Amino acid sequence: MPTYPEQVPITCDACGGARDEEQPPLTWSLSVERGRVQRYCEPCTRQNLRDLEGKLDLER
């Protein structure tokens, strides 16, 4: 019988909101900051769009 990996919640790196899905929803954004992949939910993406587009780190 095959075993399946346990589903890990996907979390927003800005607010900590989680989704129980294999992939983040299409409305989430992805950014690489200091060599780390960061995922942001739709509200955090909208709130920080200028910083994300300008490639500015959200951590100030």
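Heads up, the sequence shown is in our numbering, so the first residue is 111 and it goes up one at a time.
Backbone N, C-alpha and C define an ideal beta-carbon position, used for all residues, glycine too.
Source: prediction; values computed, not measured.
- Trp138 and Cys151 do touch by the CB rule: their CB atoms are close to 6 Å apart, below 8 Å.
- Take the alpha-carbon of Ala128 and the one of Glu163: they are about 23 Å apart.
- Between Val147 and Leu140, the CB-CB gap stays under 8 Å.
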